[in-house]
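A.B. asks: Position one of the sequence shown corresponds to residue 2 (this note's numbering), numbered consecutively onward. One structure coming up, written as structure tokens, with questions to follow.
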Amino acid sequence: MNITIFGTGYVGLVTGACLADIGNHVCCVDINAEKIALLNRGESPIFEPGLSEMLQRNIAAKQIQFTTEASQAIQNAEIIFIAVGTPPGADGAADLSAVFSVAKTIGENLENYALILNKSTVPVGTANQVKNIISDALKARGKNIEFDIASNPEFLREGAAIQDFMNPDRIIVGADTARAAEKLRQLYTPLIDAGQRFVVMDTPSAELTKYASNAFLATKISFINEMSHIAERLGADIEQVRRGMSMDPRIGEHFLYAGCGYGGSCFPKDVQALQKTASDVGYEAEILKIVEAVNEKQKHILFEKIRHYFQDNLQGKTIALWGLAFKPNTDDMRAASSLVLIEDLLSAGARVRVHDPVAMKNAQAVLGEHNAIFYAQSAYDALNTADALAISTEWAEYSNPDFIQIKNTLKNPVIFDGRNIYHPAMVAQHEIHYYGIGR
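Structure (structure tokens):
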């Protein structure tokens, strides 16, 4: 099929590359000319395992192209994806201005039937709003062109997005016409034939499914973080508790890891947006409020442990920090727990020496140049002159370090493990003090 995708962020770019890889002709549209030029050179603006190679392969095969010109891309398309950002506004509601702008552009340029898909994470009712905007634009042109609107929410994990697209748990389609549902069944035939579940429902249910899924996963994280505080006070080990819980198939092991809080582009904004949606229809989502509050508190937990260890005197101390991205296998710094820890440390008069395998550039863009922040070339470089080591992101390269070198380099042999990647007994064998989460 001829596919047009508006937006070349994580969702749009991965979706475009994967759809091209299974045989479609894809045109990605973005208003950022610099990003489009980068993509046309075969360079990915984001770090996602396997994405650069997939892009280069499909550019060479002429299966995918990138442009800032929307008109031709719309006119040639059978299916048009809207995959632009929906960041949270001041009140927590999703900012739909980019979605509505794309809808207006579609209405101003549509010449033939097309299926318009909302791939962006949007509140319930957005599909109808997009439909009305396109209809109004067509009416203003004096055109009577048929089109369908459907919802096709994404469930991609940063760091495993290609795998998730090609081997999804489910493909959710919110379609109010049989024509739209069949068109999407054809699009996803290669994945459906491989045994993936294709689920058709009404559009509002599909829109809510996305928010409810992310809110539930965020709830699991905040719940286990709550348990970690109880475990720590009772002398229990949350890692052992977690393992015992996860053996129950009704609970499972996914997203049941205590740590220094969740971040990223999805969970924080989706929990807020769902609260706002609920409030708008007269319901106060109490659980979601607590999930968010627990997470915001949890992001300060490492600092509190460090402050307590140094007896409220961090002035002039230097803390090495391993891990900046909000999770491993991505360079995404949005709502990363590391940012809260760094801010807390700087406010207390400490300096930080930071390292991340891939997020250093993005971290510098967020944090800027600061005389109390040193961007280290390697994990062990970050340890030089440091009084302690903190870990905020569970990168694989940090999982089996040289503890002897850590002990010999740090002024104080102490590790604050915000992701519980080490076993306390193993660290103790090297005469290093260890402070994890809920242990």
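Ideal Cβ positions, reconstructed from N, Cα and C, are used throughout, including at glycine. A quick note: this is a predicted structure, and the numbers were derived from the prediction, not measured.
Using only the alpha-carbon positions, how far apart do C267 and L315 sit?
C.D. replies: Here residue 267 is taken as the residue at index 266 of the sequence shown, counted from 1. Here residue 315 is taken as the residue at index 314 of the sequence shown, counted from 1. Cα to Cα, C267 sits roughly 33 Å from L315.
A.B. asks: Can you tell me whether S152 is helix, strand or coil according to DSSP?
C.D. replies: By 1-based counting over the sequence shown, the position of residue 152 is 151. DSSP, reduced to helix, strand and coil, places S152 within a strand of the structure shown.
A.B. asks: Between which two residues does the beta strand (DSSP E) containing F199 stretch?
C.D. replies: Counted from its first residue, the sequence shown places residue 199 at position 198. Note, F199: beta strand (DSSP E), F199 to M202.
A.B. asks: Helix, strand or coil for R251 per DSSP?
C.D. replies: By 1-based counting over the sequence shown, the position of residue 251 is 250. Coil at R251, not helix or strand.
A.B. asks: Name the residue from D194, A216 and K184 whose alpha carbon lies nearest to the alpha carbon of V201.
C.D. replies: As a first step, residue 201 must be located in the sequence shown, where it is residue number 200. Ranking the options by Cα distance to V201, first place goes to K184.
A.B. asks: How far does the alpha helix (DSSP H) with L384 in it reach, from first residue to last?
C.D. replies: Residue 384 sits at position 383 when you count from the first residue of the sequence shown. Element bounds for L384: A380 to L384.
A.B. asks: Excluding the five sequence neighbours on either side, which residues of its own chain have a C-beta within less than 6 Å of the C-beta of E233, listed in chain order?
C.D. replies: Residue mapping note: residue 233 aligns to position 232 of the sequence shown, counting from 1. Excluding five sequence positions before and after E233, the CB atoms of its chain that fall closer than 6 Å to its own CB belong to G439, given in chain order.
A.B. asks: Are the stretch 292-301 and the stretch 316-331 in contact at 8 Å, needing three or more beta carbon pairs?
C.D. replies: no
A.B. asks: Is the stretch 374-392 touching the stretch 305-321 in the sense that three or more CB pairs, one from each, lie closer than 8 Å?
C.D. replies: Short answer: they touch.
A.B. asks: Check whether chain D comes within 7 Å of I146, counting only Cβ atoms and requiring the distance to be less than that.
C.D. replies: The chain inventory of the structure shown lacks chain D, comprising one protein chain alone.
A.B. asks: Over what stretch of residues does the beta strand (DSSP E) that includes C28 continue unbroken?
C.D. replies: The residue you call residue 28 lines up with position 27 of the sequence shown. Under the DSSP assignment, C28 falls in the beta strand (DSSP E) whose first and last residues are H26 to V30.
A.B. asks: In chain order, what residues of the same chain have a beta carbon less than 7 Å from the beta carbon of L384, not counting five sequence neighbours either side?
C.D. replies: On the sequence shown, position 383 is the one that residue 384 refers to. Annotation for L384: A321, L390, I407, T410 and L411 place their beta carbon closer than 7 Å to its own, counting only its chain and skipping 5 residues before and after.
A.B. asks: Within the same chain, show all residues whose beta-carbon is closer than 6 Å to that of A78, passing over the 5 residues directly before and after it, in chain order.
C.D. replies: As a first step, residue 78 must be located in the sequence shown, where it is residue number 77. If we look at A78 and ignore the five residues flanking it on each side, its Cβ neighbours are N3, T5 and A115.
A.B. asks: Grab the span of the beta strand (DSSP E) containing A84 for me, first residue to last.
C.D. replies: On the sequence shown, residue 84 is found 83 positions in, with the first residue counted as 1. From DSSP, A84 is part of no beta strand (DSSP E); its letter is neither H nor E.
A.B. asks: Could you pull out every residue in the same chain whose Cβ sits closer than 6 Å to the Cβ of Y436, ignoring the five residues on either side in sequence?
C.D. replies: On the sequence shown, residue 436 is found 435 positions in, with the first residue counted as 1. Counting only Cβ-Cβ distances below 6 Å, and skipping sequence neighbours, we find K306 and F417.
A.B. asks: Could you tell me which residues DSSP puts in a beta bridge with Q312?
C.D. replies: Numbered from 1 along the sequence shown, position 311 holds the residue referred to as residue 312. BP columns for Q312 are empty, so no partner.
A.B. asks: Would you mind stating whether A274 and A161 have Cβ atoms separated by less than 7 Å?
C.D. replies: Taking the sequence shown and counting its residues from 1, one reaches residue 274 at position 273. Taking the sequence shown and counting its residues from 1, one reaches residue 161 at position 160. Against a cut-off of 7 Å, the Cβ pair of A161 and A274 comes out as no contact.
A.B. asks: Would you say I239 and M246 are within 7 Å of each other, going by their C-beta atoms?
C.D. replies: Position 238 of the sequence shown, counted from the first residue, corresponds to residue 239. Position 245 of the sequence shown, counted from the first residue, corresponds to residue 246. Going by C-beta atoms, I239 is not nearer than 7 Å to M246.
A.B. asks: Which residues in the same chain have their Cβ closer than 8 Å to the Cβ of I163, if we skip the five residues on either side of it in sequence?
C.D. replies: Taking the first residue of the sequence shown as 1, we reach residue 163 at position 162. Hits under 8 Å: V15, A18, C19, E49, P50, G51, L52 and M55.
A.B. asks: If the criterion is Cβ atoms closer than 7 Å, does the pair G264 and A336 meet it?
C.D. replies: The residue given as residue 264 occupies position 263 in the sequence shown. The residue given as residue 336 occupies position 335 in the sequence shown. The answer is yes: Cβ separation under 7 Å.
A.B. asks: Which residue wins for smallest C-alpha separation from Q378, given the options V359, N372, V367 and T178?
C.D. replies: By 1-based counting over the sequence shown, the position of residue 378 is 377. Nearest neighbour of Q378 by Cα position, chosen from V359, N372, V367 and T178, turns out to be V359.
A.B. asks: Between which two residues does the alpha helix (DSSP H) harbouring I60 extend?
C.D. replies: Translated into the one-based positions of the sequence shown, residue 60 becomes position 59. Residues L52 to A61.
A.B. asks: Taking I135 as the reference, which of A195, P124 and L118 has the closest Cα?
C.D. replies: Here residue 135 refers to the residue found at position 134 when the sequence shown is read from its first residue. With distances taken between Cα atoms, I135 lies closest to L118.
A.B. asks: Using the rule of at least 16 other Cβ atoms within 10 Å of the residue's Cβ for burial, across every protein chain shown, is A351 buried or exposed?
C.D. replies: For the purposes of this step, residue 351 is identified with residue 350 of the sequence shown, where counting begins at 1. Counting other Cβ atoms within 10 Å of its Cβ, A351 reaches 16 or more and is therefore classed as buried.
A.B. asks: DSSP on F48, reduced to helix/strand/coil?
C.D. replies: As a working mapping, residue 48 is identified with position 47 in the sequence shown. F48: coil per DSSP, three-state reduction.
A.B. asks: Just to check my reading of the structure: A259 and S229 have Cβ atoms closer than 8 Å, yes? What is that Cβ distance to the nearest angstrom?
C.D. replies: Against the sequence shown, residue 259 aligns to sequence position 258. Against the sequence shown, residue 229 aligns to sequence position 228. Going by Cβ atoms, the distance from A259 to S229 rounds to 4 Å, so yes, they are a contact pair.
A.B. asks: How close, in whole Å, do the beta carbons of V27 and A21 come, if the pair is a contact with beta carbons under 8 Å?
C.D. replies: Walking along the sequence shown from the start, residue 27 turns up at place 26. Walking along the sequence shown from the start, residue 21 turns up at place 20. A Cβ-Cβ separation of about 4 Å places V27 in contact with A21 under the 8 Å criterion.
A.B. asks: Between I107 and I75, is the Cβ-Cβ spacing less than 7 Å?
C.D. replies: Within the sequence shown, the letter at position 106 stands for residue 107. Within the sequence shown, the letter at position 74 stands for residue 75. Contact flag set, yes.
A.B. asks: Could I get the ranges of all uninterrupted beta strand (DSSP E) runs contained in the stretch 97-164, with 3 residues as the minimum, in chain order?
C.D. replies: You should have 115-119 and 148-152.
A.B. asks: Give the C-beta separation of A71 and K105 to the nearest angstrom, bearing in mind that I take them to be a contact with Cβ-Cβ under 8 Å.
C.D. replies: By one-based count along the sequence shown, residue 71 stands at place 70. By one-based count along the sequence shown, residue 105 stands at place 104. That pair is no contact at about 11 Å.
A.B. asks: Three-state secondary structure (DSSP) at P89?
C.D. replies: On the sequence shown, position 88 is the one that residue 89 refers to. Strand at P89.
A.B. asks: Starting from V295, trace the alpha helix (DSSP H) in both directions and tell me its first and last residue.
C.D. replies: Sequence index remark: in the sequence shown, residue 295 carries index 294 (1-based). Where V295 is concerned, the enclosing alpha helix (DSSP H) stretches over E287 to Q299.
A.B. asks: Using a Cβ-Cβ cut-off of 8 Å (strictly less than) and excluding sequence neighbours within five positions of G10, which residues of its own chain qualify?
C.D. replies: Start at 1 with the first residue of the sequence shown, and residue 10 comes out as number 9. Contacts found: I47, A84, V85 and G86.
A.B. asks: Determine the DSSP secondary structure at V353, reduced to helix, strand or coil.
C.D. replies: As a working note, residue 353 is residue 352 in the sequence shown. In this structure, DSSP gives V353 an extended state, which the three-state scheme calls strand.
A.B. asks: Note the first and the last residue of the continuous beta strand (DSSP E) segment covering N33.
C.D. replies: The count along the sequence shown starts at 1 and reaches residue 33 at position 32. Note, N33: premise wrong, no beta strand (DSSP E); not H, not E.
A.B. asks: Could you tell me the boundaries of the alpha helix (DSSP H) in which T9 lies?
C.D. replies: Counted from its first residue, the sequence shown places residue 9 at position 8. Taken as a continuous stretch (DSSP letters only), T9 belongs to no alpha helix (DSSP H), as it is neither H nor E.
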